[in-house]
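Asks: Got a structure for you, questions after.
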Amino acid sequence: MNISDKAMKKIIEAEERCIGCKACMKGCPMLIKFCENPKDLLRELKDKKEYDYSLPYSCMLCGYCSKVCPKNVDLKSIFMRLRKDIVEENNGKVPKELGTGGVDIHQKLSFSYLFTSDIENLQGDTIFFPGCGLISHSPKIVENTYSYLRTKINGIGIYTKCCGKPTVFLGKDRKFKEYYSILEKEFEDKNIKRIITGCQNCFMTIKNNSKDIEVVSLWEVIAKEGVPEDRRGIGTTINKKFTIHDPCPTRDMDIIHSSIRDILNELGFRVEEMKYNRGETLCCGAGGLVPTTEGHIAKAHTIRRANEAYTEYIIAYCQECVESMRRGGKKSYHILDLLFNDDFQNMEQINQGLIRKWVNRYNGKKIGK
Numbered sequence: 006m007n008i009s010d011k012a013m014k015k016i017i018e019a020e021e022r023c024i025g026c027k028a029c030m031k032g033c034p035m036l037i038k039f040c041e042n043p044k045d046l047l048r049e050l051k052d053k054k055e056y057d058y059s060l061p062y063s064c065m066l067c068g069y070c071s072k073v074c075p076k077n078v079d080l081k082s083i084f085m086r087l088r089k090d091i092v093e094e095n096n097g098k099v100p101k102e103l104g105t106g107g108v109d110i111h112q113k114l115s116f117s118y119l120f121t122s123d124i125e126n127l128q129g130d131t132i133f134f135p136g137c138g139l140i141s142h143s144p145k146i147v148e149n150t151y152s153y154l155r156t157k158i159n160g161i162g163i164y165t166k167c168c169g170k171p172t173v174f175l176g177k178d179r180k181f182k183e184y185y186s187i188l189e190k191e192f193e194d195k196n197i198k199r200i201i202t203g204c205q206n207c208f209m210t211i212k213n214n215s216k217d218i219e220v221v222s223l224w225e226v227i228a229k230e231g232v233p234e235d236r237r238g239i240g241t242t243i244n245k246k247f248t249i250h251d252p253c254p255t256r257d258m259d260i261i262h263s264s265i266r267d268i269l270n271e272l273g274f275r276v277e278e279m280k281y282n283r284g285e286t287l288c289c290g291a292g293g294l295v296p297t298t299e300g301h302i303a304k305a306h307t308i309r310r311a312n313e314a315y316t317e318y319i320i321a322y323c324q325e326c327v328e329s330m331r332r333g334g335k336k337s338y339h340i341l342d343l344l345f346n347d348d349f350q351n352m353e354q355i356n357q358g359l360i361r362k363w364v365n366r367y368n369g370k371k372i373g374k
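Just so we're aligned: 162 in my numbering is position 157 of the sequence shown, and the numbers increase by one with no gaps anywhere.
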């Protein structure tokens, strides 16, 4: 496909700034596939003025490249621009060969009343927005988390819609705005002033698109208010060591990284850090819809990331990351399981199937009613 003027401007600027140090390649699986050096790739794109569909849809859009680049080259923004151009060129659709039809179905259902509800149980101006992943994992954990929040924040409501981030990843700007307008209307109608998110993608998506609303991570709230009294110190009775995996969407949110570690310390778990952590964390392999569009790249990176943990057990605070670490061969837990699941040690270390997840979504919409 031919490169648009908007994309070409970004490519030329990036190629001029890039010094070919390859710092970005240490944590990026797609660059290794397409080039020996990112500067060479940028130069090739500039000269040929065209690219294959697979290139931008191989990027996990995790932001590691720009985080470690000494010249602030942002490859993520280039590949995101190319995705948008592909969609615009194909009349609002992603080419069939990329296999993203299931994502479209997921998004349509994630804004339907069959699997979601409007804001429930609101008696104030604050809501809990758990996100699709958590509800798919366990409506019970979400309900327990919401019950905890109700003891800390008077009148807090709950909203079980999706934030629309998968549609952003597809490159479908117009469709995302259509979906997000549903959230905006609900926020406005219910006079929402603060949103507490349980998902890192939800945190960033709402923060970037509803700038007049205070968006707070669930982890900040728990770290500030304290873990449930009956969970304090439970980790001291468990003879296991855990490794923390930081999700990539909130790599720039130091307060979240610190809050997670404060919570684990209060729980009493023995934890280790990965080499690439906090702001320089690596994607779990599930970012940017790459498992759907370029599955071999995602699989290899997931195995790499899981193996960077020297312990058998990994703790994450993104459900997609939890499932990725299992696919990579590790035993993994969501931090909410440590907080609100009494039987977490006996959890089956098998990712749930698609049907089970949608059943959970259906049951999850009833929380707060």
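All C-beta atoms, glycine included, are put in the ideal place defined by N, C-alpha and C.
As the structure is a prediction and not an experimental result, all values here were calculated from the model.
Less than 9 Å between the C-beta atoms of C70 and C29, yes or no?
Replies: yes
Asks: According to DSSP, what are the bridge partners of R275?
Replies: K246
Asks: Is it the case that the Cβ atoms of T210 and Y315 are separated by a distance below 9 Å?
Replies: no
Asks: Provide the residue span of the alpha helix (DSSP H) that contains A321, from first to last.
Replies: Per DSSP, A321 belongs to no alpha helix (DSSP H); it is in the beta strand (DSSP E), Y318 to A321.
Asks: Assign S63 to one of three DSSP states: helix, strand, or coil.
Replies: Helix.
Asks: Assuming L66 and G292 make a contact with CB atoms under 8 Å, what is their CB distance in whole Å?
Replies: 6 Å
Asks: Nearest CA to the CA of G160: which residue from E234, G32, E299 and I124?
Replies: I124
Asks: With DSSP as the reference, please indicate the residues paired to I200 in a beta bridge.
Replies: I132 and V220
Asks: Among D109, I197, E21 and E193, which one has its Cα closest to the Cα of G169?
Replies: D109
Asks: For the putative contact between Q273 and I308, defined by C-beta atoms under 8 Å, what is the C-beta separation to the nearest angstrom?
Replies: Correcting the residue type first, residue 273 is Gly in the shown sequence and not Gln. That belief does not hold up - the Cβ atoms of G273 and I308 are roughly 31 Å apart, past 8 Å.
Asks: In chain order, which alpha helix (DSSP H) runs of at least 4 residues are fully inside the stretch 341-372?
Replies: Runs found: 359-369.
Asks: I need the straight-line Cα distance from K177 to R86, nearest angstrom please.
Replies: Answer to the nearest angstrom: the Cα atoms are 11 Å apart.
Asks: Straight-line CA distance for L223 to R179?
Replies: 29 Å
Asks: Kindly give me the distance between the Cβ atoms of P135 and G203, rounded to whole angstroms, as I take these residues to be in contact under 8 Å.
Replies: 4 Å
Asks: Buried or exposed for P75, please, with buried defined as at least 16 other CB atoms from any protein chain shown within 10 angstroms of its CB.
Replies: exposed
Asks: Using C-beta distances below 8 Å, list every residue in its chain close to G25, excluding the 5 sequence neighbours before and after it, in chain order.
Replies: N42, P43, K44 and D45
Asks: Among all the DSSP beta bridges, which residues are the ones paired with N7?
Replies: E55
Asks: Just tell me which of Y58, I218, K335 and L344 has its CA closest to the CA of E95.
Replies: Reading off the sequence shown, one finds Asn at residue 95, where the question assumed Glu. With respect to the C-alpha of N95, the residue from Y58, I218, K335 and L344 having the closest C-alpha is Y58.
Asks: Closer than 8 Å by C-beta to D259: which residues in its own chain qualify, once you throw out the five before and the five after it? Chain order, please.
Replies: R283 and G284
Asks: Where do the N-terminal and C-terminal ends of the alpha helix (DSSP H) with Y185 fall, by residue?
Replies: D178 to D194
Asks: According to the neighbour-count rule (16 or more other Cβ atoms, all chains shown, within 10 Å of its Cβ), is I360 buried or exposed?
Replies: exposed
Asks: Rounded to a whole number of angstroms, what is the C-alpha to C-alpha distance between S82 and T242?
Replies: 46 Å
Asks: Just the Cα atoms here: how many angstroms apart are V232 and G373?
Replies: 22 Å
Asks: Under the rule that 16 or more other beta-carbon atoms within 10 Å means buried, what is N312, buried or exposed?
Replies: Exposed is the call here.
Asks: Hey, T131 and I17: beta-carbon distance below 9 Å or not?
Replies: No; because the gap between Cβ atoms is not below 9 Å, this pair is not in contact.
Asks: Measure how close the beta-carbons of I218 and K198 come, nearest whole angstrom, since I'm counting them as under 8 Å.
Replies: 6 Å
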